[in-house]
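Report on one structure; see the data block that follows.
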Amino acid sequence: MARRLGVRRNGCSSPAYHLLHVISPEDCSLVPGIFRWTNKRHHGPRQNQLWATSGRQLLVQPVYTHYPFGWLLPAHSLPSMSLIPSLSTTLCSLFASVTIVSAAALPDNVIERDVVVLGGGASGAHAAVRLREDYGKSVVVVENKAQLGGHVATYIDPDTEVPYDFGVNSYTEYPGAEDFFTRFNVSLSPPTRVPLTTTYADFNSGEVQGGYVLPAAADTTAALRKYLEVCEKYEHMILPSYANFPTAGNVPEDLELYDNIAALLDDDVLYSSTVVESQRTDDGVTLRVRTRGSSRDTVIRAKRLLISFEPTVANLRGIELDNEERGVFSEWEWSTVYVGIAKHSSLPVSGSLTNTPAAAVPNHWLELPANPFVGRFDYMGGGNFRVLVTGEASTDSCEAQRMVKRAFRTLAEAETIPAIGNQTLQLAAWSDHGAMHLHVASDTLRDGFITRKYALQGRSSTFYTGGAWSAQFTTILWEYNNQYLLPKLVASLE
């Protein structure tokens, strides 16, 4: 695992080597080392994406991706860091301190825009395009990942080169949504579904729940029609935004497109970047942005800030919050969601393994798995299975992977699937959807939470979009932007 180390001087470098945390999907253990990548499109290996090296599948988590300017290290082979883990810790600490000093010593890049958008997911990318192309405003997008698209994730099977969309499967039909695809020459078609044979099993015991009976199709349709009749009475309160939600006392939740958006926005996107410092006033904002792999920070001065990711206090690191903002954003409860592609010969081809608690038998349909849980293994084709994990707010990526492997072993031990032998479950792709399903307690909602939340729009030159502000469906969020957010934001610039 040892590698020879390149040296960066005067803006040039021999093959770029970077200090990484590399996680083994087999046991989620840390594999310290110095590795190299050759991906020219992105700043480095995608965080939380699997990466093959030395014949192993490893999960990349960059720590520091730039050796400090002028810092020389021996070019002879280093000893394997797996043999001396303390060296890895020492180097991490050393590079952390030197990199910060080095970045501060160099002049900042300074750019000025009408609007800076934090987050290039579905709502952020859409807003950036419309602001620049339709409203004539200058924009810059700051995106933490190495690509746009948010929850969109595509796995390309290396054996067949067939792509599998395992992050976002399809889009909800909603007025105006098709026009946005059309402007990027992205064609639409009905979603394809592989016919699956479903096995209902309790993933805690691994046992098949053979007595579980689904409701009759006619009964399901009738219930959905009744639910629709109830919802239609309140649609104006919740779609496409919550702007008309009752106040306190009156209360009775694809990759090609984003590649084309990235090409359009071009240099108006800063990838692999995060805000480390901010100043916000009613007259505008100033953000200091740090890009992984860059030797200096970027300072963005903008008239307005648009935050498009889920506004939890943890996600807003680098943004100074006032008491009102912190009070609202501290109320959230949420789930963490992870999706991946699993491979193993014991998984049922053309089948679905669905987590169904024993208490749901025979027809207790509201008995659902307790959080956190692995939801299902669904066959996608070519030996690939989509796996879905719903966790608590504290469930991290490694724990979610361990849950998947525990559930898989439990199913095998109960003989619900064939014996797994010495073959381990392979997670060929993995994506962290982060905080989702943001919600508050019912009493908090009755006390005017939505009103207080929406009152933050425009405060300190800051606006918000994303799943915390409307229904968590891409096309509905686009219409939230169209009808509510963008007119409000643009009017504030006039």
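If you count by the numbering used here, then the sequence shown holds residues 15 to 508, one letter each, in order.
The beta-carbon is built from N, C-alpha and C at its ideal position, and this holds for glycine as well.
Which residues in the same chain have their Cβ closer than 6 angstroms to the Cβ of residue 377, if we skip the five residues on either side of it in sequence?
Numbered from 1 along the sequence shown, position 363 holds the residue referred to as residue 377. If we look at residue 377 and ignore the five residues flanking it on each side, its Cβ neighbours are 227.
Would you kindly report the start and end of the unbroken beta strand (DSSP E) that includes residue 337?
Against the sequence shown, residue 337 aligns to sequence position 323. Segment 337-343 is the alpha helix (DSSP H) holding residue 337; no beta strand (DSSP E) there.
Would you give the residue range spanned by the alpha helix (DSSP H) that residue 138 belongs to?
Residue numbering aside, residue 138 sits at position 124 when the sequence shown is read from its first letter. Counting along the chain, the alpha helix (DSSP H) containing residue 138 begins and ends at 136-143.
Relative to the alpha-carbon of residue 283, which residue among 153, 349 and 444 has its alpha-carbon at the smallest distance?
As a position in the sequence shown, residue 283 is number 269, starting the count at 1. Comparing Cα positions, the closest option is 153.
Contact belief for residue 411 with residue 385 at Cβ below 8 angstroms, rounded distance in angstroms
Working through the sequence shown from its first residue, we reach residue 411 at position 397. Working through the sequence shown from its first residue, we reach residue 385 at position 371. Contact flag wrong, Cβ pair sits at about 16 angstroms.
Mapping DSSP to helix, strand and coil, what is residue 489?
If you number the sequence shown from 1, residue 489 lands on position 475. If DSSP states are grouped into helix, strand and coil, residue 489 belongs with the helices.
I'd like to know if the region 449-460 and the region 311-329 are in contact, where contact means that at least 3 CB-CB pairs between them fall below 8 angstroms.
yes
Segments assigned beta strand (DSSP E), at least 3 residues, entirely inside the region 386-469:
387-395, 398-405 and 440-453
Express the C-alpha separation of residue 444 and residue 414 in angstroms, rounding to a whole number.
As a working note, residue 414 is residue 400 in the sequence shown. As a working note, residue 444 is residue 430 in the sequence shown. Cα-Cα distance, rounded: 10 angstroms.
Distance, Cα to Cα, residue 175 vs residue 279?
By one-based count along the sequence shown, residue 175 stands at place 161. By one-based count along the sequence shown, residue 279 stands at place 265. The straight-line gap from Cα to Cα measures roughly 28 angstroms.
Where does the unbroken alpha helix (DSSP H) through residue 506 begin, and where does it stop?
Residue numbering aside, residue 506 sits at position 492 when the sequence shown is read from its first letter. Start and end: 500-507.
Count the other CB atoms within 10 Å of the CB of residue 214; is the residue buried (16 or more) or exposed (fewer)?
Looking up residue 214 in the sequence shown gives position 200. So residue 214 counts as buried.
Under the three-state reduction of DSSP, which class applies to residue 275: helix, strand or coil?
Counted from its first residue, the sequence shown places residue 275 at position 261. Looking at residue 275 - three-state DSSP - the assignment turns out to be helix.
Using only the alpha-carbon positions, how far apart do residue 128 and residue 427 sit?
Here residue 128 corresponds to residue number 114 of the sequence shown, with the count starting at 1. Here residue 427 corresponds to residue number 413 of the sequence shown, with the count starting at 1. Rounded to the nearest angstrom, the two C-alpha atoms are 59 angstroms apart.
Residue 341: buried (16+ other C-beta within 10 angstroms of its C-beta) or exposed?
Along the sequence shown, read from residue 1 onward, the residue named residue 341 stands at position 327. Exposed, by the Cβ-count rule.
Where residue 515 falls: helix, strand or coil (DSSP):
The requested residue 515 does not occur in the structure, where the chain is confined to residues 15 to 508.
So the candidates are 433, 139 and 501; which of them puts its Cα closest to the Cα of residue 277?
Locating residue 277 in the sequence shown gives position 263, counting from the first residue. Nearest option by C-alpha distance: 139.
Neighbour-count burial assignment, residue 479, 16 or more Cβ in a 10 Å radius:
Locating residue 479 in the sequence shown gives position 465, where the first residue counts as 1. Buried: at least 16 other Cβ atoms inside 10 Å.
Going by C-alpha to C-alpha distance, which of 355, 233, 324 and 254 sits closest to residue 172?
Within the sequence shown, numbered from 1, the residue matching residue 172 stands at position 158. Of the listed residues, the one whose Cα sits closest to residue 172 is 355.
With DSSP as the reference, please indicate the residues paired to residue 179 in a beta bridge.
Walking along the sequence shown from the start, residue 179 turns up at place 165. Paired residues: 168.
Do three or more CB pairs link the region 289-301 to the region 470-486 at distances below 8 angstroms?
yes
Is residue 198 helix, strand or coil when you go by DSSP?
Within the sequence shown, residue 198 is the residue found at index 184, counting from 1. In the structure shown, residue 198 sits in coil (DSSP, three-state: anything other than H, G, I, E or B).
Report yes or no: do three or more beta-carbon pairs, one from the region 227-243 and one from the region 365-379, lie closer than 8 angstroms?
yes
Tell me which residues share the same chain as residue 52 and place their Cβ nearer than 6 angstroms to its Cβ, disregarding the 5 neighbours each side in the sequence.
Residue numbering aside, residue 52 sits at position 38 when the sequence shown is read from its first letter. Confidence is the limiting factor: at residue 52 the pLDDT is only 36, short of 50, which leaves the residue's position unreliable and the question unanswerable from this model.
So the beta strand (DSSP E) residue 357 belongs to, where does it begin and stop?
Along the sequence shown, read from residue 1 onward, the residue named residue 357 stands at position 343. Start and end: 347-357.
For residue 322, which residues in the same chain have their Cβ closer than 7 angstroms to its Cβ, ignoring the five residues on either side in sequence?
Taking the sequence shown and counting its residues from 1, the one referred to as residue 322 is at position 308. If we look at residue 322 and ignore the five residues flanking it on each side, its Cβ neighbours are 131, 132, 133, 135, 137, 138, 141, 479 and 480.
Under the three-state reduction of DSSP, which class applies to residue 495: helix, strand or coil?
Counting from 1 along the sequence shown, the entry for residue 495 is found at position 481. Helix.
Could you give the residue range of the alpha helix (DSSP H) that holds residue 244?
Walking along the sequence shown from the start, residue 244 turns up at place 230. Looking at the DSSP string, the run of the alpha helix (DSSP H) that includes residue 244 is 231-246.
Pairwise C-alpha distance: residue 292 and residue 157:
To locate residue 157, count along the sequence shown from 1; it is residue 143. To locate residue 292, count along the sequence shown from 1; it is residue 278. Cα to Cα, the separation comes out at about 16 angstroms.
By alpha-carbon positions, which one of 338, 345, 398 and 363 ends up nearest to residue 510?
No answer is possible for residue 510: it lies beyond the span of the chain, which begins at 15 and ends at 508.
Cα separation between residue 402 and residue 361?
Taking the first residue of the sequence shown as 1, we reach residue 402 at position 388. Taking the first residue of the sequence shown as 1, we reach residue 361 at position 347. Those two C-alpha atoms are separated by around 15 angstroms.
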